[in-house]
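Scroll down for the structure; my scribbles are underneath it.
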Amino acid sequence: MDSEDDMHDAHDGDSLEDFYSGDTANESDDGAGDYDFMDNDSDDPDHVTSHRQQFVASFCRYDERLEDGVEERSMFPEQNYTVLSEEDIRRHQDEDIARVSNVLSISKGSSSILLRHYNWSVSKVHDAWFADEENVRKAVGLLVKPVRIPNVRVLTCGICFESHSRDKMDAAGCGHVFCSSCWTGYISTSINDGPGCLMLRCPEPSCIAAIGQDMINKFAYHEDKEKYAHYLLRSYVEDNRKSWHKTVEDGWSCLTVDVACPCAVTHPSEVIKGRADIITSEFGTFGCDYAVDFVFGSGSYDVSCNCSHNFCWNCTEEVHRPVDCITVEKWILKNTAESENMNCQETSLYGVPATNNRLDELQMQEKDAEETPHPQTVSSLILANSKPCPKCKRPIEKNQGCMHITCTPPCKFEFCWLCLGSWAEHGERTGGFYACNRYETAKQEGVYDEAERRREMAKNSLERYTHYYERWATNQSSRQKAIADLQHMQSVQLEKLSDKQQQPESQLKFITEAWLQIVECRRVLKWTYAYGYYIPEQEKAKREFFEYLQGEAESGLERLHQCAEKELQDHLKSESTPTPGFNEFRTKLAGLTRLGLLSLTPIPSLRMTNLIRNQPNPT
Amino acid sequence: MANSNLPRRIIKETQRLLSEPAPGISASPSEENMRYFNVMILGPSQSPYEGGVFKLELFLPEEYPMASPKLGRICLDILKDKWSPALQIRTVLLSIQALLSAPNPDDPLSENVAKHWKANEAEAVETAKEWTRLYASGV
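This is the structure in structure tokens:
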């Protein structure tokens, strides 16, 4: 599919396509493929339908929420998502918990534990429960009948070893008694350890009994209770999405999916907290409390959260249309790895280096190695000690010996540090944990160890990368500047100009439009450099053509930017009122705005209908 | 001094470790710091480590037993995410002893040793015996 028009239609069709390119290994040349959508049949019609209606009802609120000039509303003529507030999310969650509680005749606490275990899918809980209640209970730690605490006056706590009277002791229905202060300590430790507390079990190692809301209410400190509630809410948003990832592979699909706004990812100082051997973005550090409800079957992946963060729903990076998610992921990883070489601050936007203590050490090592600069080695040194979890993408730092890495809960993905493959698939069959086939095979095929190629690459790659990175980063900073200018223009200059030119502000709309176009075009142009970097070397003609068009687009944008920046100033500062030539300025600026990045349209993968405003849809 | 307000649990555990030591395991607290233990584990019989004495240092952090005891770099789940305050020093040391009987080359500290073990177990066992004799036989 090349145009979005097709995608809109696809909603009504029957085709079921795996559009989530992030999960597929094959790299599509056609970035538009990344925005293909599928038709969805829900296996839980009641549940989803009721949600949908609510979401549709709250649709119209969107426009009222955009406040300042950063708005990009005009860039998104169609909205296929809803931003949910914390209350909205909680309401949905409570409804789901109540539904399961009613149908299965279990407590709300048990219902919540069950739902969390099944990634908050009401239908999956029902299916599993009615298929094999006993096994489900075992898996999640719900006991059928509570074990009674022995009727003696004094009991010994299994944690502090002190003797207490029976009324000071409690158990999670399994008969393993601990004193109330040890319960408090146990629960508090777990909650402060992260969202894994949602899967808390009885302290007795052999016991499966789940520790749920009732025990939290009884024993947790006030602030821990709040944290727990927060984790529970986040889980409802985040794990829901994960379940969707998985179920798409299974051929199951869902119409509505929530995702947490990933805005914290852009605030590195807040994001990552070091923990024993795993770095995780702790729950409380997420930048905002909104979730985005995404409706499949229409429009693009671009989402604008209420917190004014714009991101791609699919990969949760910043909006990167028209470049596909895979290219973006590769590029960001590349930037992270090379940031030390480039000595550039921008890359810390992506979180990994900024707060990683180990990387400081690595920087030191790198300085030692400065005598013999070898970009491949330096970047691999950094890469080797900090990698994103292959499943949840949170950065993980390795500072222990073994290659068996377990991501922090709730992800808990176990993988091999060397090949990033699932640990479950590791072992004899794949030639042992460290001798992963993939690595060995690659080595045998000479991908890794070809001395000739490596020398060549060492010589050229840094230079080549620097070229693309500089342009990517410059467009990024230029875009930031344009956003600031746009805000300044709207808040201050527009009024002045209106006075000066004796025209109502409504007549000056073309200036706002120009700036919005600049902001958007800078973003697109920025990503074309990531795109360009990954055009295969051998595809010379393709690259030359692309670079020609990119050059045209760039010069067009420079003309537009300059006109909006400089010529506008002339009209603002001019002595005469109204200034001569203002109407010519209007014509010129509006013309340049319409042009936008039109020259990029011949490249199918860069051609998106929404990219160029006020242009007929290319078909 | 830190020892003065030692939790009752640590005192009880220490008493029991000293009065009823687990077979092949000795753990005694340091005199200066009761949270610091000198541990010796005998190589299990019928393992390549038989006849060896393996010394370890174990430290009980302030948060113990809510947090696990600190040992050297040992890949053992109960020292990481599977830790529970209902476990004890004794259970941890028994687990380490069991690890000597049944090494887990899929979760190694040293990649080379694990590689060797998987490629040629008989030869790796010989090396382990040799190293036990060379480095772990004296006290």
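As they're listed, the protein sequences go chains A and B. Numbering-wise (UniProt numbering), the first sequence opens with residue 1 and increments by one. Numbering-wise (UniProt numbering), the second sequence opens with residue 1 and increments by one. All C-beta atoms, glycine included, are put in the ideal place defined by N, C-alpha and C. Note that the structure is predicted; figures quoted are calculated from it, not measured.
Residue i - DSSP class collapsed to helix/strand/coil
i: A:P409; result: coil
i: A:K124; result: helix
i: B:P21; result: coil
i: A:R559; result: helix
i: residue 621 of chain A; result: Nothing in the structure corresponds to residue 621 of chain A, since chain A is present only between 1 and 619.
i: A:L210; result: Position check: residue 210 of chain A holds Ala in this sequence, whereas Leu was assumed. Three-state DSSP puts A:A210 in a strand.
i: A:P154; result: Reading the sequence as shown, one finds Val at residue 154 of chain A and not Pro. Note: A:V154 maps to strand in three-state DSSP.
i: A:N416; result: Per the sequence presented here, residue 416 of chain A reads as Cys, with Asn not at that position. Three-state result, A:C416: strand.
i: A:V328; result: helix
i: A:E204; result: coil
i: A:E318; result: strand
i: A:V144; result: coil
i: A:A131; result: helix
i: A:V323; result: coil
i: B:E121; result: helix
i: A:S110; result: helix
i: B:Y64; result: coil
i: B:D81; result: coil
i: A:K391; result: coil
i: A:Y118; result: coil
i: A:E520; result: helix
i: A:G581; result: coil
Residues bridged to residue i (per DSSP)
i: A:D302; result: A:C312
i: B:F59; result: B:Y36, B:K70
i: B:S26; result: B:M40
i: residue 634 of chain A; result: The requested residue 634 of chain A does not occur in the structure, where chain A is confined to residues 1 to 619.
i: A:M169; result: A:C179
i: A:H164; result: A:L155
i: A:S422; result: A:F415
i: B:V53; result: B:L42
Euclidean distance between Cα positions of residue i and residue j
i: A:S188; j: B:K118; result: 42 angstroms
i: A:Q507; j: A:L568; result: 15 angstroms
i: A:K566; j: A:E547; result: 27 angstroms
i: B:L93; j: A:P205; result: 16 angstroms
i: A:E162; j: B:R9; result: 8 angstroms
i: B:V53; j: B:G43; result: 6 angstroms
i: A:Y469; j: A:V524; result: 14 angstroms
i: B:K12; j: B:Q97; result: 22 angstroms
i: A:K108; j: A:Y236; result: 15 angstroms
i: A:P580; j: A:D302; result: 41 angstroms
i: A:A484; j: A:R594; result: 22 angstroms
i: A:K481; j: A:E505; result: 23 angstroms
i: A:E463; j: A:K509; result: 43 angstroms
i: B:S45; j: B:L56; result: 19 angstroms
i: A:H488; j: A:K573; result: 16 angstroms
i: B:L18; j: A:V122; result: 53 angstroms
i: A:R321; j: A:W527; result: 8 angstroms
Residue environment, residue i, which counts as buried when at least 16 other CB atoms sit within 10 Å
i: A:T587; result: exposed
i: A:Q538; result: exposed
i: A:Y186; result: buried
i: A:D239; result: buried
i: A:N475; result: buried
i: A:V152; result: exposed
i: A:E520; result: buried
i: B:L134; result: exposed
i: A:T408; result: buried
i: A:E144; result: It should be noted that the sequence gives Val, not Glu, for residue 144 of chain A. Per the 10 Å Cβ criterion, exposed.
i: A:N102; result: exposed
i: A:K334; result: buried
i: A:H92; result: buried
i: A:A229; result: exposed
i: A:R116; result: buried
i: A:H467; result: exposed
Supposed close pair residue i, residue j - CB separation, criterion 8 angstroms
i: B:A114; j: B:P108; result: 3 angstroms
i: A:M215; j: A:A172; result: 6 angstroms
i: A:G141; j: A:A209; result: 5 angstroms
i: A:P203; j: A:F178; result: 6 angstroms
i: B:W83; j: B:S68; result: 4 angstroms
Chain-ordered neighbours of residue i on chain E, where CB pairs are closer than 8 angstroms
i: B:S84; result: Absent from the structure: chain E. Protein chains present are A and B.
Residue i Cβ short of 7 angstroms to the ligand NAD heavy atom set
i: A:H222; result: Here there are no bound small molecules, and the ligand NAD is not part of this structure.
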